[in-house]
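Participant: Residue numbers (this note's numbering): 10 to 67.
1) Taking a contact to mean a Cβ-Cβ separation below 8 angstroms, would you say residue 57 touches residue 48 in this structure?
2) Where residue 18 and residue 40 are concerned, what is the direct C-alpha to C-alpha distance, given to the nearest angstrom?
3) From residue 53 to residue 30, what distance separates their C-alpha atoms?
4) Would you give the residue range spanned by the alpha helix (DSSP H) that residue 63 belongs to?
5) Apart from the five residues just before and just after residue 63, which ones in its own chain have a Cβ nearer than 7 angstroms to its Cβ?
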């Protein structure tokens, strides 16, 4: 039971760390009139941070 609680905590934090860079990248992309580029950069950075959080919180 305790292991399941820890897993959900890691997923929650990782999900927030994933969405943050995605939204920042999307916002910057809209600002510079390059929405697709901003979204893809934010997506890439979000995946990197998500992986780091999952690896470091285990």
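Glycine included, C-beta positions come from ideal geometry on N, C-alpha and C.
Facilitator: Considering the structure as presented:
1) No, they are not a contact pair.
2) Here the C-alpha atom of residue 18 lies approximately 33 angstroms from the C-alpha atom of residue 40.
3) Taking the straight line from one Cα to the other gives about 9 angstroms.
4) Residue 63 -> alpha helix (DSSP H) spans 44–65.
5) Excluding sequence neighbours, residue 63 sits near 19, 23.
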